[in-house]
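Heads up, the thing below is written out as structure tokens.
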Amino acid sequence: MTRVALDLLGGDRAPEAVVDGALLVAQRTPDVEVVLVGPVDIAQSLLEARGATGRFPLVAASQVIGMDEDPARAVRAKRDATVRVAARLVRDGSAAGGADAMVSVGSTGGALAAALFTLGRLRGVSRPALAAVIPAQAGPLVFLDAGAGTEATPELLAQFALAGAAFATVRLGLATPRVGLLNIGEEPGKGDELRRAAYDALVALPIDFVGNVEGRDVPYGGKADVVVTDGFTGNVLAKGLEGAAAMLSELLLAALTATPERKVAATSLFPAIAQTTAHMSPEGLGGAVLLGVKGVVVIGHGSSTAEGVVSCVRVAVQAAREGLVPKVGRALSDLLDRNRALAAT
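The sequence shown runs contiguously to residue 377 in my numbering.
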């Protein structure tokens, strides 16, 4: 049995969508136990209304980290925040009555700060990264950093590359994932000082580094299984891709329903349109995984529905069962030892 601590108050649709998602998880995966973390009275009321009284373990947490709050300050001040309590459950572990992983679809900064404050970093980690899965045309690819930090160094991008490769082996089932560096051109020597230095750092790593990858290559996929960049650039690109996908879907739907004649002609196309829209939606892919902390932490989209919550829990369970944290830890620890050995020569 895998236990997942679920933030009851996180997300635009909380707490209803969170409870509905937990119920779907219970129906579909009986070997997963969801622990609802939040105000017990709210959880009990929602479960009673759904005929599911006593269905889940409840852990009390009376506070929430708001989207408009400074995450670090809020986490320190709010000892009873849902994400902080969930992180404590992960720290304690399921064997001690805690959890194997945590999921929140609330404040990204709040979940990140709670994880750092409570779980701590793995050995050799300068800063964690958010690894997201992008539904590229050629197949899903891992993309990091999706926004855990805004600044980077060549050494940090090298850490991201190793962590991302380890994540791809677990999330995508790839034995030797191809790793690319997001840049403004494919040729070596392209980009700013950070990108040029990072290129040299990635060449020296024990990974299948395929060189630079341009932004236009990301939605198509096929050139790399893991794309590495700094958190500022990554967050801008991820949100840009999300917005572009939504816009294209809306434009296509509007064009096909502009006249009665088009509506009739488009009827046969709607299943294909729905399939394409679902392929591009973040709902089915689950949330981003925070790599570099001592525990499995999954952060979902703030607008997640119940199905989105299910997807996040699925990702968290997979990461916990397949030993993602130890795999990332070994890769980064080996990098630290190698760098120290080189510095000593």
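Just so it is clear, CB atoms sit at the ideal spot from N, CA and C, and this is done for glycine as well.
| Asked | Found |
| --- | --- |
| Excluding the 5 residues preceding and the 5 following residue 142 in the sequence, name in chain order all residues of the same chain whose CB lies nearer than 6 Å to its CB. | 97, 103, 115 |
| Below 6 Å CB to CB, which residues in the same chain sit around residue 348 once its five sequence neighbours on both sides are set aside? | 36, 133, 135, 328, 330 |
| Let me make sure I understand the geometry here. Which of 159, 113, 275 has the alpha-carbon closest to that of residue 39? | 113 |
| How far does the alpha helix (DSSP H) with residue 53 in it extend, from its first residue to its last? | 48-60 |
| Let me confirm a value: residue 378 is counted as buried when at least 16 other C-beta atoms fall within 10 Å, else exposed. Which label applies? | For residue 378 there is no data in the structure shown, the boundaries of the chain being 33 and 377. |
| If you check the beta carbons only, do residue 178 and residue 154 fall under 7 Å apart? | no |
| Where are the beta strand (DSSP E) runs, 3 residues long or more, that stay fully inside the segment 138-186, in chain order? | 161-166, 173-176 |
| Looking at the secondary structure, which residues open and close the beta strand (DSSP E) in which residue 44 lies? | No beta strand (DSSP E) contains residue 44, which DSSP labels as neither H nor E. |
| Out of 239, 174, 325, point me to the one whose CA is closest to residue 152's CA. | 325 |
| How would you write the range of the alpha helix (DSSP H) that residue 279 sits in, first residue to last? | 263-288 |
| I'd like the list of long-range same chain contacts for residue 253, defined as Cβ closer than 7 Å, with 5 residues on each side in sequence excluded. | 168, 169, 170, 171, 173 |
| Give the straight-line distance between the Cα atoms of residue 89 and residue 217, rounded to the nearest whole angstrom. | 51 Å |
| With DSSP run on the structure shown, which of helix, strand or coil describes residue 96? | coil |
| Excluding the 5 residues preceding and the 5 following residue 192 in the sequence, name in chain order all residues of the same chain whose CB lies nearer than 7 Å to its CB. | 161, 176, 177, 260 |
| Flag this pair as touching only if the segment 43-56 and the segment 78-85 have three or more C-beta atom pairs under 8 Å; answer yes or no. | yes |
| Between residue 210 and residue 256, which are expected to be in contact by the criterion C-beta below 8 Å, what is the C-beta distance as a whole number of angstroms? | 5 Å |
| By how many angstroms is the C-alpha of residue 57 removed from the C-alpha of residue 345? | 8 Å |
| Using the DSSP secondary-structure output, state which residues sit across from residue 371 in a beta bridge. | Residue 371 is not bridged to any residue. |
| Go through its chain and collect everything with a Cβ distance to residue 70's Cβ below 6 Å, but skip five positions before and after it. | 40, 41, 93, 114 |
| Do the segment 185-205 and the segment 359-376 meet, that is, are 3 or more Cβ pairs less than 8 Å apart? | yes |
| If you compare alpha carbons, which of 206, 208, 156, 203 is closest to residue 190? | 156 |
| To which residues of the same chain is residue 215 closer than 6 Å at the C-beta, ignoring the five residues directly before and after it? | 222, 223, 227, 244 |
| Report the rounded CA-to-CA distance for residue 306 versus residue 289, giving the unit in angstroms. | 14 Å |
| Can you have a look at residue 404 and say buried or exposed, based on whether 16 or more other CB atoms are within 10 angstroms of its CB? | Outside the displayed span of the chain (33 to 377) sits residue 404, for which this structure offers no information. |
| On the DSSP bridge assignment, give the partners of residue 224 in chain order. | According to DSSP, residue 224 bridges with nothing at all. |
| Below 8 Å on the Cβ atoms is my guess for residue 72 versus residue 121; work out the distance and round it to an integer in Å. | That belief does not hold up - the Cβ atoms of residue 72 and residue 121 are roughly 15 Å apart, past 8 Å. |
| Going straight from the alpha carbon of residue 398 to that of residue 275, what length do you get? | Because residue 398 is not part of the residues shown, which for the chain are 33 to 377, the question remains open. |
| Express the C-alpha separation of residue 194 and residue 240 in angstroms, rounding to a whole number. | 10 Å |
| Smallest Cα separation from residue 158: which of 184, 146, 138? | 184 |
| If you draw a straight line from the C-alpha of residue 229 to the C-alpha of residue 283, how long is it? | 41 Å |
| Which two residues bound the contiguous beta strand (DSSP E) that contains residue 210? | 210-215 |
| Could you round the C-beta distance between residue 46 and residue 129 to whole angstroms and report it? I think they count as a contact, below 8 Å. | With 8 Å as the limit, residue 46 and residue 129 do not qualify as a contact, their Cβ atoms being about 24 Å apart. |
| Give the straight-line distance between the Cα atoms of residue 270 and residue 333, rounded to the nearest whole angstrom. | 12 Å |
| Please list the terminal residues of the continuous beta strand (DSSP E) segment that includes residue 38. | 34-39 |
| Smallest Cα separation from residue 48: which of 335, 371, 357, 368? | 335 |
| Is there a Cβ from chain D that is less than 7 Å from the Cβ of residue 171? | Given the protein chain composition of this structure (a single chain), no chain D is represented. |
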